[in-house]
Amino acid sequence: MHGSHADYLRDVSGFLGGYFLAIALMNAVYAFTMWRVKSRPMAALVWTAVAVAMTGISAIAWGGSPPELAQPIKDYINWLTGPVIYSVGTTVALVVLFVFRKFFVNPVVAWIGLNLSLIFMGLSMTDSNFGAIVMKPDNVPIVGLVFLLGFFTWLATAKGVENDERIKRGLPPTEKLDDEKVLVWPDLVYTELICMLALTAFLLVWAICLQAPLEEPASSVKTPNPSKAPWYFLGLQEMLVYYDPWNAGVVLPSLIIFGLMAIPFIDFNKRGNGYYSIEERKFAYLTFQFGFLELWVTLIILGTFLRGPNWNIFGPFEYWDPHKVLALNNVDLSQIWWNDVMHQALPKAPPGASVLREVSYVLYREWLGIVLVLAYFLLLPPLMATTIFRTFFLKMGFMRYMIMANLLLFMLSLPIKMVLRWVFNLKYIIYIPEIFLNF
Amino acid sequence: MSLGEIIRESQVWKSIFRHPMPTDRRNRIVVMLTNFFLHLHPVSIKKQGIALSYTWCMGGVTFFLFLVETVTGVLLMFYYRPTLEWAYNDILALRDVLSLGILRELHRWGAHAMVITTWLHMYRVFLTGSYKPPREFNWVVGVILLLLTLLLSFTGYLLPWDQLAIWAITVGSNMARATPILGHEGPGQQLLTVGGIDMITNASDARFGLLGARFVGEETLNRFYILHCIAIPLVVALLLAIHFWRVRKDGGISGPL
Numbered sequence: 012m013h014g015s016h017a018d019y020l021r022d023v024s025g026f027l028g029g030y031f032l033a034i035a036l037m038n039a040v041y042a043f044t045m046w047r048v049k050s051r052p053m054a055a056l057v058w059t060a061v062a063v064a065m066t067g068i069s070a071i072a073w074g075g076s077p078p079e080l081a082q083p084i085k086d087y088i089n090w091l092t093g094p095v096i097y098s099v100g101t102t103v104a105l106v107v108l109f110v111f112r113k114f115f116v117n118p119v120v121a122w123i124g125l126n127l128s129l130i131f132m133g134l135s136m137t138d139s140n141f142g143a144i145v146m147k148p149d150n151v152p153i154v155g156l157v158f159l160l161g162f163f164t165w166l167a168t169a170k171g172v173e174n175d176e177r178i179k180r181g182l183p184p185t186e187k188l189d190d191e192k193v194l195v196w197p198d199l200v201y202t203e204l205i206c207m208l209a210l211t212a213f214l215l216v217w218a219i220c221l222q223a224p225l226e227e228p229a230s231s232v233k234t235p236n237p238s239k240a241p242w243y244f245l246g247l248q249e250m251l252v253y254y255d256p257w258n259a260g261v262v263l264p265s266l267i268i269f270g271l272m273a274i275p276f277i278d279f280n281k282r283g284n285g286y287y288s289i290e291e292r293k294f295a296y297l298t299f300q301f302g303f304l305e306l307w308v309t310l311i312i313l314g315t316f317l318r319g320p321n322w323n324i325f326g327p328f329e330y331w332d333p334h335k336v337l338a339l340n341n342v343d344l345s346q347i348w349w350n351d352v353m354h355q356a357l358p359k360a361p362p363g364a365s366v367l368r369e370v371s372y373v374l375y376r377e378w379l380g381i382v383l384v385l386a387y388f389l390l391l392p393p394l395m396a397t398t399i400f401r402t403f404f405l406k407m408g409f410m411r412y413m414i415m416a417n418l419l420l421f422m423l424s425l426p427i428k429m430v431l432r433w434v435f436n437l438k439y440i441i442y443i444p445e446i447f448l449n450f
Numbered sequence: 007m008s009l010g011e012i013i014r015e016s017q018v019w020k021s022i023f024r025h026p027m028p029t030d031r032r033n034r035i036v037v038m039l040t041n042f043f044l045h046l047h048p049v050s051i052k053k054q055g056i057a058l059s060y061t062w063c064m065g066g067v068t069f070f071l072f073l074v075e076t077v078t079g080v081l082l083m084f085y086y087r088p089t090l091e092w093a094y095n096d097i098l099a100l101r102d103v104l105s106l107g108i109l110r111e112l113h114r115w116g117a118h119a120m121v122i123t124t125w126l127h128m129y130r131v132f133l134t135g136s137y138k139p140p141r142e143f144n145w146v147v148g149v150i151l152l153l154l155t156l157l158l159s160f161t162g163y164l165l166p167w168d169q170l171a172i173w174a175i176t177v178g179s180n181m182a183r184a185t186p187i188l189g190h191e192g193p194g195q196q197l198l199t200v201g202g203i204d205m206i207t208n209a210s211d212a213r214f215g216l217l218g219a220r221f222v223g224e225e226t227l228n229r230f231y232i233l234h235c236i237a238i239p240l241v242v243a244l245l246l247a248i249h250f251w252r253v254r255k256d257g258g259i260s261g262p263l
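In order, the protein sequences belong to chains A and B. Residue numbering for the first sequence follows our numbering, starting at 12 and increasing by one per position. Residue numbering for the second sequence follows our numbering, starting at 7 and increasing by one per position.
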């Protein structure tokens with residue numbers, strides 16, 4: 012193993028040398044702006060030191076022995092990326108980012124965060140398991156997506172926080188300050204031209220540096236393990252773990268599309284139109300951020316980087332062992348009820364029973380799950396209308412409120428099912444394989 | 007007279023551009039009104055409406071990537087044949103033999119980038135509350151365009167006809183098997199039984215309609231090729247036109263009132 016690791020390090024050392032040099036340059040530019048634009052010589056000095064350090068690391072990496080993460084740290088991160096800690100942890104992280112957003116929008120804090128995540132990436136790349144997943148050509152865009160989303164979320168939050176404070180002081184949002192009109196030629200058309208040229212250059216560099224993947228010719232008998240959908244659908248594929256295909260693959264995606272389309276008709280809040288703000292539209296903001304960042308993007312990251320052979324979860328520094336065996340002792344709610352609570356076998360229609368009799372046996376067997384699901388979708392909306400969503404209900408009217416409440420409940424059913432699966436090993440709340448209806 | 011002046015004074019030039027160079031205020035206005043490509047824009051715009059920190063330029067970048075995909079896609083179509091015999095070999099030759107094989111890289115990375123920029127555009131529009139009245143309908147058009155972008159990428163994924171392609175499409179389309187009522191393994195599939203004969207089988211369900219066969223094969227390749235190169239782009243082009251037109255009709259780019 013040691014020899015192959017040395018070979019791997021030699022392969023990536025050139026890339027990492029350039030990578031750390033890029034971080035050094037990035038910090039040098041930042042230091043220069045601190046010095047010349049912001050007139051903060053002390054800060055400039057600190058970031059110059061960082062740039063120098065990165066140049067040193069770059070030289071060491073180029074020399075063939077890039078710095079690596081210690082094995083205990085890798086083991087710890089592997090442990091962190093188990094499904095429970097990963098999902099709960101990313102949610103908690105988002106909550107922390109949101110609650111302390113005034114701290115995190117500070118440019119220096121963001122810059123430190125960017126540096127740390129880039130250095131972490133660089134250190135991690137020395138691990139061949141990590142490198143194999145991240146450098147898979149089709150996964151490279153997802154790494155880009157993560158950094159882009161981080162940047163734009165930071166930017167939007169910074170502008171939102173600033174506007175919120177201005178509005179609190181009775182000032183208009185910053186967007187209002189640039190009210191003066193300019194001619195589209197030259198101001199906009201030249202911006203567009205520059206964007207097009209920059210983007211073309213960027214695409215050309217990307218296309219030259221990274222070859223598009225081409226595997227062996229298609230064979231319908233050789234099933235790869237794992238078989239993955241294109242990366243943007245991996246959130247949906249991940250949902251297959253918690254739902255049957257009719258729900259994860261058809262109903263929920265349709266509801267996502269329908270729910271997105273319904274947003275402007277559900278959101279009756281007239282404020283926050285045309286400028287960044289958080290306080291003015293907290294419910295809409297939090298719902299969307301949770302749906303997009305947590306339920307969509309982190310599931311894609313999970314599906315891309317952490318799901319390996321047999322759709323098992325592997326840590327980012329773990330070898331994708333196709334023979335890794337995980338005990339699957341999932342149970343259905345009806346099993347828990349009849350076997351564990353009532354201490355008897357599942358009710359089963361006697362052989363040769365009529366269809367009606369069979370149906371009633373199935374309903375009898377699954378009664379608890381059916382009652383729970385019906386209560387969730389039928390009782391909760393009116394209950395919420397009279398309690399937490401009272402003002403919403405009064406302002407929205409019956410139809411709009413019901414659509415909003417049901418979409419919200421469908422959305423929340425995913426994290427609920429994920430938690431039930433991990434904590435109670437609960438697979439299905441309703442299990443009627445007779446008609447492919449499992450929920 | 008310099009060469010530039012000779013050209014600009016010629017009858018041919020003047021037949022195309024009916025006004026002098028846009029160097030003064032009047033002609034900068036006229037150029038926006040008389041040029042077909044520029045007339046998508048308004049003549050003047052609020053300064054904040056073109057601030058990159060506000061717009062992120064992601065809608066424009068997405069449209070530009072659509073154009074890149076169209077141009078590189080058309081060029082690739084001259085070369086690529088969507089048959090079991092040739093599909094893989096043509097891609098192989100693009101990689102190893104053709105001097106302009108980089109077109110495939112441009113097309114593939116452009117496609118990934120387009121999915122990402124579409125999401126970021128939606129993200130920006132949501133975070134600035136720009137879907138609110140009067141722009142509700144344009145948000146809906148945008149959601150359809152987002153879905154079509156994903157479908158464009160998905161249908162294109164199959165065309166190289168390698169292991170990555172067919173298994174991604176197999177996994178992605180297996181879900182259609184479980185479509186309620188219309189999939190042969192979906193709940194309620196038994197409802198469509200006439201005289202004891204199942205109407206919904208693996209040769210007649212939603213998945214079959216998508217793939218043109220019971221498994222991902224040559225019929226699927228043909229079907230996805232047509233969807234990818236002709237059917238979806240046509241719909242996207244139409245919706246893009248509506249999307250842009252509505253931006254203008256709904257009062258231009260959003261901003262505080």
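The C-beta atom is built at its ideal place from N, Cα and C for all residues, glycine as well.
- Separation of the CB atoms of Pro78 of chain A and Leu134 of chain A is rounded to 6 Å, and the pair is thereby assigned contact status at 8 Å.
- A contact is defined here as three or more CB-CB pairs under 8 Å, and the segment 103 to 119 of chain B meets this definition with respect to the segment 215 to 222 of chain A.
- For Lys192 of chain A, no alpha helix (DSSP H) encloses it; the enclosing beta strand (DSSP E) starts and ends at 192 to 194.
- Residue contact with chain A for Asp168 of chain B: present (Cβ-Cβ distance below 8 Å to some residue of chain A).
- For Val262 of chain A, the chain B residues whose C-beta falls within less than 8 Å of its own C-beta are Pro186, listed in chain order.
- Straight across, the Cα-Cα distance linking Gln300 of chain A with Asn436 of chain A is about 28 Å.
- Rounded to the nearest whole angstrom, the CA to CA distance from Leu304 of chain A to Val157 of chain A is 10 Å.
- In this chain, the alpha helix (DSSP H) harbouring Lys85 of chain A covers 82 to 91.
- Within the same chain, and ignoring the five residues on either side of Leu197 of chain B in sequence, the residues whose Cβ sits closer than 7 Å to its Cβ are Ile187.
- Using a Cβ distance threshold of 8 Å, Asn284 of chain A and Ser260 of chain B count as a contacting pair.
- Inclusion of Leu194 of chain A and Val49 of chain B in the CB contact set at 8 Å is warranted, their separation being smaller than that value.
- In this structure, the alpha-carbon of Asn126 of chain A lies about 8 Å from that of Ile34 of chain A.
- Using a CB distance cut-off of 8 Å, Thr59 of chain A does not count as an interface residue toward chain B.
- The beta carbon of Trp322 of chain A sits closer than 8 Å to the beta carbons of Pro237, Val252 from its chain, once the five residues preceding and following it are set aside; these are given in chain order.
- A direct Cα-Cα distance of roughly 14 Å separates Leu158 of chain B from Thr123 of chain B.
- Distance check between Pro140 of chain B and each of A:Val342, A:Pro275, A:Lys438 places A:Pro275 closest, using alpha-carbon atoms only.
- Boundaries of the alpha helix (DSSP H) harbouring Ile22 of chain B: 17 to 22, taken from the DSSP string.
- As DSSP reads the structure, Lys52 of chain B sits in a beta bridge with A:Lys192.
- Nearest CB-CB separation between Tyr287 of chain A and chain B: below the 8 Å threshold.
- Going by DSSP, Ser139 of chain A is part of the alpha helix (DSSP H) stretching over 139 to 145.
- Residues Ala42 of the same chain have their beta carbon placed closer than 6 Å to that of Thr59 of chain A, with the five preceding and five following residues left out of the count.
- The continuous alpha helix (DSSP H) containing Met132 of chain A extends over residues 118 to 135.
- Distance check between Arg21 of chain A and each of A:Asp138, A:Asn117, A:Pro94 places A:Asp138 closest, using alpha-carbon atoms only.
- Contact between the segment 398 to 410 of chain A and the segment 366 to 381 of chain A is absent: fewer than three C-beta pairs spanning the two stretches fall below 8 Å.
- Here Lys428 of chain A is buried: its Cβ has 16 or more other Cβ atoms, across all protein chains shown, within 10 Å.
- Taking 8 Å as the upper bound for CB-CB distance, Lys233 of chain A and Gln169 of chain B are in contact here, some 7 Å apart.
- With a contact defined as Cβ atoms closer than 8 Å, Pro228 of chain A and Trp167 of chain B qualify at about 7 Å.
- Around the C-beta of Thr92 of chain A, 16 or more other C-beta atoms lie within 10 Å, and the residue is accordingly described as buried.
- In the structure shown, the three-state DSSP call for Leu104 of chain B is coil.
- With a threshold of 16 other beta carbon atoms within 10 Å, Asp30 of chain B falls short and is exposed.
- Annotation: Thr202 of chain A to Leu344 of chain A spans about 59 Å, alpha carbon to alpha carbon.
- The Cβ neighbour count for Gln248 of chain A, taken over all protein chains shown within 10 Å, is at least 16; the residue is labelled buried.
- Cβ-Cβ distances below 8 Å link His118 of chain B to Ser159 in the same chain, with the five nearest sequence neighbours on each side left out; the list follows chain order.
- Of the candidates B:Ala209, B:Ala212, B:Tyr137, the residue whose Cα lies closest to the Cα of Met272 of chain A is B:Tyr137.
- For Met272 of chain A, the uninterrupted alpha helix (DSSP H) run begins and ends at 263 to 277, by DSSP.
- Listed in chain order, the non-local C-beta contacts of Ala54 of chain A below 7 Å within the same chain comprise Met45, local neighbours out to five positions each way being set aside.
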